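Below is one structure; the comments refer to it alone.
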Amino acid sequence: MIRYAVFTQTPAKKSRTRVGVSKQGKPYTYKDPEYEEWESDVSTALSVQRLESEYPCVDYECWARILIYRQYNRLADLSNLIQSIEDALQRAGCIENDRLIRSLDGSRVYHGVNGNEARFEVVLAPFIEGRA
């Protein structure tokens, strides 16, 4: 099993997309600069953990458990939060492609933790068909 933990407030990916208009008048979407900075910081932290722990890049189908501890009590969309984390894992080289995650077992969001305890934890393991 491969384990990662990063102390940060996880943003939802979908709410971090902005729409702009090009010089030709065509609309386009781009990531919010704050989200880009978060993804870069988290990717760096994950890369350091991967290198220190000597974890290999996951290049096989796997299952994941992602636990998210948020400071805020308002409800958050779990799938959007997980998308942000999966993209950061891929950018950090922890996983070759986030499409390799075949199952998200036991993933959940915990609300109302202290601000300095806001974090996410990821566990990756090989995917075995028919495993309960």
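All residue numbers for the sequence shown refer to the working numbering, where the first residue is 143 and numbers rise by one. From the three backbone atoms N, C-alpha and C, an ideal C-beta is built for every residue, glycine too. Keep in mind that this is a model prediction, so the values were computed, not measured.
Report task. Determine the extent of the beta strand (DSSP E) in which T159 is found, giving its start and end residues. Result -> Taken as a continuous stretch (DSSP letters only), the beta strand (DSSP E) holding T159 covers 159-163.
Query raised in the report: If you scan the stretch 152-211 from start to end, which runs of the alpha helix (DSSP H) of 4 or more residues do you find wholly inside it?
Result: Inside the stretch 152-211, DSSP marks whole alpha helix (DSSP H) runs of 4 or more residues at positions 175-195, from first to last along the chain.
Query - Beta-bridge partners of L246, as assigned by DSSP - result: Under DSSP, L246 takes part in a beta bridge, and its partners are A206.
Requested in this report: Look up I237 in the DSSP assignment and give the residues it is bridged to.
Outcome: Partner(s): V200.
Query raised in the report: To which residues does DSSP link V251 through a beta bridge?
Result: In DSSP, V251 forms a bridge with I210.
Query raised in the report: What's the gap between the Cα of I144 and the Cα of D174?
Result: Roughly 30 Å separates the two Cα atoms.
Query - C199 beta carbon less than 8 Å from that of I224 - result: It is not a contact, given that the beta carbons lie outside the stated cut-off.
Query - V148 versus Y170 - alpha carbon distance - result: Distance between V148 and Y170, taken at the CA atoms: about 32 Å.
Query raised in the report: Applying the criterion that 16 or more other CB atoms from any shown protein chain within 10 Å of the CB defines a buried residue, is R192 buried or exposed?
Result: Residue environment for R192: buried (at least 16 other C-beta atoms within 10 angstroms of its C-beta).
Query raised in the report: Below 8 Å between beta carbons: does that hold for R212 and T152?
Result: Going by C-beta atoms, R212 is nearer than 8 Å to T152.
Query raised in the report: Is the beta carbon of D282 less than 8 Å from the beta carbon of D240?
Result: Lying before the first or after the last residue shown, residue 282 is absent from the chain, which here runs from 143 to 274.
Query raised in the report: When we look at the beta-carbon of S221 and count the other beta-carbons within 10 Å, is it buried (16 or more) or exposed?
Result: Within 10 angstroms of the beta-carbon of S221 lie fewer than 16 other beta-carbons, which makes it exposed.
**Report entry** Cβ-Cβ distance between L242 and E181 below 8 Å
**Finding:** Not a contact, by the Cβ cut-off of 8 Å.
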